[in-house]
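Data block below; observations after.
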Amino acid sequence: GSFEKFLPNANDYFGVVLLPFNISGPAATAREIWYFPNASKISSSSDRVNVSSQCTSAFTARTADPCFNYTTGGRTLVFVPHFSGVGIGNDTEVPTVNVTSPGNQTNQTVGVFVPNITLSADAISCTSSINGTVKNVTMGKSGNICVGQTEFFKNGNYSFTFIVTDSSGNVNNYTWQFNVSDSIQPNTPNSSRITSSPSSTSATVTVSGINESVNVTLIYGTTPGSLGSTAMQTDFNDTQAVSISGLTASTVYHFNVSVCDFNGNCIKNGTFNFTTSAAAAAAAAAAAAAASSGGGGGGAAAPSNVAASAGRQWDALAAGSSGVLAINNEQIAVTGVVIDVKNAVTNPSITVESLNSNPYTAAASAKVYQHLQIRKGNIADADASKIAVSFRVPKSWLSTNNVAEDDVVLYRHTGQWDALATSKTGSDANNVLYSATTPGFSTFAIGTKEAAPAAAPEVTPPAAPEEAAPAPEAPAAPEEKPAMEEEKKGISSTAMAWIVVAIIVVAAGIGYYMWQKKKAE
78 GSFEKFLPNA NDYFGVVLLP FNISGPAATA REIWYFPNAS KISSSSDRVN VSSQCTSAFT
138 ARTADPCFNY TTGGRTLVFV PHFSGVGIGN DTEVPTVNVT SPGNQTNQTV GVFVPNITLS
198 ADAISCTSSI NGTVKNVTMG KSGNICVGQT EFFKNGNYSF TFIVTDSSGN VNNYTWQFNV
258 SDSIQPNTPN SSRITSSPSS TSATVTVSGI NESVNVTLIY GTTPGSLGST AMQTDFNDTQ
318 AVSISGLTAS TVYHFNVSVC DFNGNCIKNG TFNFTTSAAA AAAAAAAAAA ASSGGGGGGA
378 AAPSNVAASA GRQWDALAAG SSGVLAINNE QIAVTGVVID VKNAVTNPSI TVESLNSNPY
438 TAAASAKVYQ HLQIRKGNIA DADASKIAVS FRVPKSWLST NNVAEDDVVL YRHTGQWDAL
498 ATSKTGSDAN NVLYSATTPG FSTFAIGTKE AAPAAAPEVT PPAAPEEAAP APEAPAAPEE
558 KPAMEEEKKG ISSTAMAWIV VAIIVVAAGI GYYMWQKKKA E
């Protein structure tokens, strides 16, 4: 019989197992407690659950995860959801390593690549060493994949070693040899891979879609058969932007482009051209003339906000595979992007751009190290099961801005700034390394956990009191003239007659009054 037959419903009970071992502190007599949910499967590490947490509350028949409590006398009580198998052990197995790039004992036909390995689930860190001379170069870890920095190899034989450590301290030093024999030219920088962005006195020529990391030489001039000026971008990347200055406005410039890989394999294209725009004064005069003639038009194109860019294009990515873009550009904080592909895609591409300034009004956090844009082509966010972004922040910036190493966060803009799950993965002499996962591509900001200060409400100053319009002056009254100055007019005969009558009436009245008074006496 078995407990499963006796108590078929696992929710009716829970189990407690007493082990005569101590797993706590320096006096531990065992390193791990193992719980086997299925007693018939105990042969593989994937069949067991490591009981690594102490119980923090009362264990019940409904508790799903096993836990333990250390008791006195060097004993440990293990609480399990149902009886099956419980054991103890010391993990001495090293983590497993499977190399994706460059591959063991293989001939590499490209001298610049990114080391990429897949690890067992118990691995917690990865470092690398080349020929035993460059040691402990920290690799970015995302899930069970470790991605190194971009490595540059001249033709020859090399020894590469991964140092992988698991949670029990077991270390796997995985070393292999490989050969670099690169004699193949990069992709041709044809018209589909070259764009130019001229202004009145400068221009930027961008080369993208190259199948490996290259440098770029640009030869240009105003006469197609006599190109005497040179501009270069000497770091190695599969997307390069070459800047030219000191140009003349309203002039046609011709140029050709040569690209060379790290082992000196070069290829040159034909001749292309661009035309610089009119000088600012002439453009302003033309705009003024258009405005005066009643015409309308748009303003000048806004200057680019892109400081530097790097990208990669694949012919195809199969479902279940990973696309890896590695970046080694001091102007770009991102060092790598790993896409776990869910749906097969054809000709996908990714471009990472560092920005000169925040393209949005709202700040992502109180302090921001760098704003970035990650653009995609021929791949939707839904085609990826996971997108991991590795980046670095200079220790000098953290110190200057009084930011703790654990307080760095990657933000993604989705109409607002969303903080992404971000973890510190290591450091080198000058930088602290981080990794974050994102559900999609967008605009990003590397900032601090401290929130951006709330924007002060815009205060509209009180309107200045309007000055009362001066009251119109009343017209001056006509000046009165003294009576003596009045113009004397003659009295008409009619008026004179009426005056005589009035005098007679008054005299009669007075006489009558006096007569009555005398009579009364």
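For any residue, its number in this note's numbering is found by taking its place in the sequence shown, counting from 1, and adding 77.
Every residue gets a Cβ at the ideal spot worked out from N, C-alpha and C, and that includes glycine.
Every value quoted in this text rests on a predicted model; they were computed, and no experiment measured them.
Cβ shell of residue 130 (< 6 Å), same chain only, five flanking positions each side left out: Contacts found: 144.
Identify, in the order they occur along the chain, each residue of the same chain with its Cβ nearer than 7 Å to the Cβ of residue 233, setting aside the five sequence neighbours on each side. Cβ neighbours of residue 233 within its own chain (closer than 7 Å, five residues either side excluded): 257.
Three-way DSSP call (helix, strand, coil) for residue 581 in this model: Under the three-state reduction of DSSP output, residue 581 falls in the helix class.
Cβ neighbour criterion (16 or more within 10 Å) applied to residue 317: The C-beta of residue 317 has 16 or more other C-beta atoms within 10 Å across all chains shown, which makes the residue buried.
For residue 137 and residue 115, what's the separation of their Cα atoms in angstroms? One C-alpha to the other measures close to 20 Å.
Taking the alpha-carbon of residue 312 as reference, which of 330, 175, 298, 293 has the nearest alpha-carbon? Minimum Cα distance to residue 312 is reached at 293.
I'd like to check one pair, residue 250 with residue 286: are the Cβ atoms closer than 8 Å? Their beta carbons are not under 8 Å apart, which means residue 286 does not touch residue 250 by this criterion.
Counting only the same chain and skipping the five closest in sequence on each side, list residues whose C-beta sits under 7 Å from that of residue 409. Hits under 7 Å: 385, 387, 429, 431.
Kindly indicate which three-state DSSP category residue 449 falls into: helix, strand or coil? Looking at residue 449 - three-state DSSP - the assignment turns out to be strand.
May I ask which residues mark the beginning and end of the alpha helix (DSSP H) holding residue 612? This structure does not reach residue 612, given that the chain is present from 78 up to 598, and the question cannot be answered.
Quick check: residue 192 and residue 229, are their CB atoms within less than 8 Å of each other? Residue 192 is not a Cβ neighbour of residue 229, given a cutoff of 8 Å.
The beta strand (DSSP E) with residue 275 in it runs from where to where? Looking at the DSSP string, the run of the beta strand (DSSP E) that includes residue 275 is 271-275.
Three-state secondary structure (DSSP) of residue 309: Correct three-state label for residue 309: strand.
For residue 402, count neighbouring Cβ atoms within 10 angstroms of its own Cβ and tell me buried if that reaches 16, exposed if not. By the C-beta density criterion, residue 402 is buried, having at least 16 other C-beta atoms within 10 angstroms.
Taking the continuous beta strand (DSSP E) assigned at residue 262, which residues delimit it? Unbroken run through residue 262: none, as it is neither H nor E.
Measure the C-alpha to C-alpha separation of residue 427 and residue 463 and round it to an integer number of angstroms. Counting only the Cα atoms, residue 463 lies some 15 Å from residue 427.
What first and last residue would you give for the beta strand (DSSP E) that runs through residue 109? Secondary structure note for residue 109: its beta strand (DSSP E) is the uninterrupted segment 109-113.
For residue 123, name the three-state secondary structure that DSSP assigns. DSSP places residue 123 in helix when its eight states are reduced to three.
Would you please state the rounded distance, in angstroms, between the beta carbons of residue 352 and residue 328? I believe it to be under 8 Å. Rounded, the Cβ-Cβ distance is 7 Å, consistent with contact.
Where residue 390 and residue 126 are concerned, what is the direct C-alpha to C-alpha distance, given to the nearest angstrom? The straight-line gap from Cα to Cα measures roughly 41 Å.
Give the range of the beta strand (DSSP E) segment to which residue 482 is assigned. Membership of residue 482 in any beta strand (DSSP E) is not indicated, and neither H nor E is assigned to it by DSSP.
In this structure, does DSSP put residue 455 in helix, strand or coil? Coil at residue 455, not helix or strand.
Skipping 5 residues on each side, what residues in its chain have a beta carbon closer than 8 Å to that of residue 183? Apart from the 5 residues on each side of it in sequence, residue 183 sits with its Cβ closer than 8 Å to the Cβ of 255, 256 in its chain, given in chain order.
For residue 382, does the three-state DSSP call read helix, strand or coil? Residue 382 falls in the coil class under three-state DSSP.
Residue 516 versus residue 422 - alpha carbon distance: The straight-line gap from Cα to Cα measures roughly 17 Å.
Per DSSP, what kind of secondary structure is residue 234 in: helix, strand or coil? Strand.
Rounding to the nearest angstrom, what Cα-Cα distance links residue 512 and residue 486 in this structure? Distance from the CA of residue 512 to the CA of residue 486, rounded to the nearest whole angstrom, comes to 9 Å.
Give the secondary structure of residue 442 by DSSP, where H, G and I count as helix, E and B as strand, and everything else as coil. In this structure, residue 442 counts as coil in the three-state DSSP scheme.
Can you tell me the Cα-Cα spacing of residue 461 and residue 419, whole angstroms? Looking at the backbone, the Cα of residue 461 and that of residue 419 are separated by about 5 Å.
Where residue 323 falls, given that 16 or more other Cβ within 10 Å makes a residue buried: Residue 323 sits exposed, since fewer than 16 C-beta atoms from the chains shown fall within 10 Å of its C-beta.
Does the pairing of the stretch 218-227 with the stretch 153-164 give three or more beta-carbon distances under 8 Å? The answer is no - the stretch 153-164 does not touch the stretch 218-227, with fewer than three Cβ pairs under 8 Å.
Can you give me the C-alpha to C-alpha distance between residue 288 and residue 392, rounded to a whole angstrom? If you take the alpha carbons of residue 288 and residue 392, they lie about 9 Å apart.
Any heavy atom of the ligand FMN closer than 7 Å to the CB of residue 133? For the ligand FMN, the structure offers nothing, since it holds no ligand at all.
Let me check understanding here. Comparing Cα to Cα, which of 501, 399, 488 lies closest to residue 520? For the residues 501, 399, 488, the minimum Cα distance to residue 520 belongs to 488.
In its own chain, which residues sit with a C-beta less than 8 Å from the C-beta of residue 527, not counting the 5 before and 5 after it? For residue 527, where only same-chain residues beyond five positions count, the Cβ hits under 8 Å are 442, 443, 444, 484.
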